[in-house]
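Accompanying notes for the structure given below.
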Amino acid sequence: MSDANPSKLEVHEPRKGWLRGVSLIWLIPVLALVGSLGLAVQSFLEADIQITIEFPEASGIEAGKTQLKYRDVVVGSVSAVDFADDLSHVDVTVDVRRDMARYLDDKAKFWLVKAEVSAEGVSGLDTLLSGAYINGEWDAEPGERQDRFVAEAKAPIIAPNAKGLQITLTSTESGSVSVGAPVLHKGIKVGKIEGVSLSEDGGLIVITAFIEEPYDKLVNTGTRFWNASGIEVDLGEAGLKVNVESLSSLLAGGVSFDTSISGGERITETTRFDLYPNQEAAKDSRFDDDLRATVTVASPFEGSLKGLREGAIVDYRGLKVGEVKELSVYDPESAEEGDEAWLLVTYTIQPSRLGITDIENPNEVLDLLEEYVRDGGLRARLKPNSLLSGGLHVELFEDPSLPPAVFQRTGHPLPILPTVPTPPDTLRIAAEGVLDRVAKLPVEELMDRMIQLVSDIDAIVADKDTKEIPATVNALLGNVNSIAGAEATQELPKKLNQVISTVETMLGEFEERKGVDALVSSLENLRTITSNVSTASDQIPGLVEDIDAVIAKVHDLPVETTVESVNNVLASADSFISSDATQDVPAALSGALEQVRDTLAELRAGGAAENLNRALASAGNAADEIAKAATTLPELAQRLDDLADTAEATIGAYGPASPVNREVRAAIGDIRQTVQSLNALVQAIRRNPNSLIVGR
Amino acid sequence: MISARESGLVGCHKCGTVHEPSLRECRTCGAGLRSRKPNSLQNTWAWLITGLVFYIPANMFPLLTNRVLGSDDGHTIIEGVILFYKKGDFLVATVILAASLIIPITKFLIIGFLILSIRFRWDLSAHARLVLYELVEFIGRWSMIDVFVVALMAGLIRLGAIISILPGPGSVCFALSVIFTMISAQSIDTKLIWDQTPKERK
């Protein structure tokens, strides 16, 4: 290579031409550029959008870890947690998948889901394993995008995009209706209680409920809602009543509804309904259709009203037409000094129950009432309720023979319906407590007396004389037949009246005697029956005649002795009753009943059923959550197992004797044990979810 | 010293044997005979730019993603360096910094400088250029250390949701960038160094 005169190699200059000089190699950087730009564009298009959610505090939220889920699918993650400028809340920045951006309008809601054990149940148990996450809910309608949201304090009871019907229930007492309680129809859950709040004036409880599709069709304007919370115990005029809606409502509490009024119209928007305290009240309310025509009137009563309470019924010929609203002292302008104060009972009357329909205006009802008072003798009086329950109610009755009275349209300040004085018995019966009367019932004496009576009767039947009686009776009947046509028949009603007066004297005697008050009313009934018979006798004189004859013959029969023996029985019974031991028994019974009553009162007042409901609802939720969590546990176990397998395989590649290997093997053994215990736990939970709450 | 071209001969690019210019193939190794690689500088430029183009996304996208207990966490090269630096792992931080940032950038600069100096016949000794070229060739084989680490870790640490390391798009771009830079370095016809060198010895 050290030639002194090397000949030059001929080098051709490249041909000129603007494209000639450019090599095809330039396609490669161009392609690379296009590829890179494509990657950039793609990543920009796929890049998450950022939204900010305001939380009051960031408990459980961790930047980079906490995820945003929509319908349990991860759609984003928290990228930063920062304080707001004024430190009033925490701004959580979340990167959300771009394809979700268009749904994030003002209807989107966010809330934190974490494991929570509260009065309303155990929730979010699965987050114990995965960590808390933010749940988002939005509808499928794209809207104007927002990038700033305020987190909900709690998960909404009803998913924002749930389909159904929202209704508002108003009640004067909340009972055990709590947020999340079910709405039941024939015992099937068809919705949930969304919220319970007070009305603005604080007088009503406003309950928001949601009926899910397709059950929303069951609700129309004729639907009545009632509180179906667990057990209802009512000691009313119909006696003791224990009402359990269904086992499920006993567990969960809630609101029931039924559409018992036909012809209701479909409702489509939020409508307001009354929440009745129980099913009976709801059914009663069927008559409340024309509430607009309901009138409120008042009646003054002299003397005590003890036993009459607000809510007592107003009946007319046995049918409930209204109820007592208020009791107050009445001071009529016409009252003179020293007069005993009158008491004013205010009550409602529903004309539809009086059979008056087609009335739009309460004034028309008042006109009618005025007419009834004037022409028909319509009056109000106090009547005792049933023997068992005690108490009073107001009865409207018509008696044209009463002295005329006026329906005062411009009363004090309500229209005043005239009254008749209350018989003293009525007040006494009403004033006595139910339990007192129950205590007084001579149950055991009665039994003894019955046994004695039966044995006496046995003796009488066994007697020879008694066996002759049938023959005598036959003869008697023959005599009756002959008497039937006699002229004296016409005078019989008078005689009957005499009998009645005797009965009345007997009544007086009975009233004086203690312990047989209960008989008074039945005797009164007897009187009525008798008088009815008296009236009827004009048409059927023969019957009365027969009776008279029978009475006469009976007097002749040797029954005197029997009567005597019965009297003896009574006397012995009386002595038995008056003995100290016997008196004690009813007292004990009374005490027991008092206790029962107290317990019931406590049960209602203390909301024990309410607590029970909550606890049971919680248990139900907890069981659900646990079941959910249990499904994720095996997955974890599987993963751990996989981990152990992989790790073992990896470690197997190293030398078997190295100390690292030994330790790793021990660690793998631990992992396997963990897997086994996890599996055992899952099985335990599946077998008995309660064990998580109550222990083993 | 005299070059083959100056002697009217053609040196084989592969084995270095000198031939008559009329020959088309090397008698020793059978490779095509050319005095100079055609379009050498242009090719070098093209490959270099391609490498640069890929180097940008290599730094923008995460090199690897570590998935720990289900949550993903990706880091770009610079993030990784900062992370290790903050953790106090200065050695590791320095190694990553050197392998992923300093070496590739140095390569781009050296190759760029070389071809610019050849193109514009800068006043530089041929020997210095050769040293630079050798340097590029030498460190080129270490540029793949990042990609190698990622590939190794992604292969080794793969325990499902518990802990996994997944290669990110950045690692692919980085690998491409390194490959194209190496091709670029290969494309330089070192004989050009002597062609354009001013004959300082003469």
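First to last, the sequence lines map onto chains A and B. 0 is the number of the first residue of the first sequence in numbering that gives the first Met the number 0; add one for each residue after it. 0 is the number of the first residue of the second sequence in numbering that gives the first Met the number 0; add one for each residue after it. All C-beta atoms in this analysis are idealised placements derived from N, C-alpha and C, irrespective of residue type, glycine included. The structure displayed is predicted, hence computed values, not measured ones.
The beta-bridge partner set that DSSP reports for A:A79 consists of A:T92. Residues of the region 200 to 226 of chain A that bring their beta carbon within less than 9 angstroms of a beta carbon in chain B are absent altogether. Inclusion of A:A281 and A:R373 in the CB contact set at 8 angstroms is not warranted, their separation being larger than that value.
Sequence-distant partners of B:I164 (beyond 5 residues in either direction) whose C-beta falls short of 6 angstroms from its own C-beta, in its chain, are L63, N65, M152, A153 and I156. CA-to-CA, the gap between A:I192 and A:P213 works out to about 17 angstroms.
B:N65: member of the beta strand (DSSP E) spanning L63 to V67, first to last residue. Listed along chain B, no residue sits closer than 7 angstroms to A:A62 by beta-carbon distance, the nearest being about 11 angstroms off. When the five nearest sequence neighbours on each side are left out, no beta carbon in the same chain lies closer than 8 angstroms to the beta carbon of A:P402. In the three-state reduction of the DSSP assignment, B:T180 falls in the helix class, which pools H, G and I. The C-alpha of A:Y275 is placed about 17 angstroms away from the C-alpha of A:I312. For A:A31, the neighbours in chain B by C-beta distance under 7 angstroms run, in chain order, T49, V52 and F53. Under the 8 angstroms criterion on CB atoms, A:A57 is classed as non-interfacial with respect to chain B.
Here DSSP, grouped into helix, strand and coil, assigns A:N219 to strand. Per DSSP, the beta bridge partners of A:A208 are A:I166 and A:I192. Shown here, A:N134 sits in a strand according to DSSP, grouped into three states. DSSP places A:Q66 in the uninterrupted beta strand (DSSP E) bounded by Q66 to Y69. Residue environment analysis places B:A3 among the buried positions, since at least 16 neighbouring C-beta atoms fall within 10 angstroms of its C-beta. For B:K106, the enclosing alpha helix (DSSP H) has its first and last residue at I102 to R118. Annotation: the continuous beta strand (DSSP E) that includes A:H392 extends over L391 to E397. Distance check between B:A160 and each of B:L22, B:L68 and B:L40 places B:L68 closest, using alpha-carbon atoms only. Under the three-state reduction of DSSP output, B:A125 falls in the helix class. For the region 123 to 179 of chain B, the full-length beta strand (DSSP E) segments reaching 3 residues or more read 162 to 166 along the chain.
Within chain B, the residues placing a beta-carbon under 7 angstroms from that of A:P28 are A45, I48, T49 and V52, ordered along the chain. DSSP, reduced to helix, strand and coil, places A:F406 outside both helices and strands of the structure shown, so it counts as coil. Comparing alpha-carbon positions, the option among A:W341, A:L203, A:F256 and A:Q349 lying closest to A:V296 turns out to be A:Q349. For A:A31, no beta strand (DSSP E) encloses it; the enclosing alpha helix (DSSP H) starts and ends at L26 to E45. A contact is defined here as three or more CB-CB pairs under 8 angstroms, and the region 93 to 105 of chain A meets this definition with respect to the region 134 to 153 of chain A. Rounded to the nearest whole angstrom, the C-alpha separation of B:L129 and B:V94 is 27 angstroms. For A:S58, the three-state secondary structure derived from DSSP is coil. Chain-ordered, the chain B residues with CB closer than 9 angstroms to the CB of A:A39 read I55, P56 and M59. In this structure, B:I76 is the residue among B:I76, B:E136, B:F119 and B:V91 with its C-alpha nearest to the C-alpha of B:Y54. Sequence-distant partners of A:E369 (beyond 5 residues in either direction) whose C-beta falls short of 7 angstroms from its own C-beta, in its chain, are F406 and R408. Close CB contacts of A:R147 within its chain, under the 6 angstroms cut and outside five residues either way in sequence, are with T51 (chain order). Distances from the CA of B:I162 to each of B:D72, B:L40 and B:C11 were compared; the closest alpha carbon is that of B:D72. Interface residue (Cβ-Cβ distance to chain B less than 8 angstroms): A:S78 is not classified as such. Within the same chain, A98, I102, P103, K106, V177, T180 and M181 come within 8 angstroms of B:S142 by CB-CB distance, once the 5 residues on both sides are set aside.
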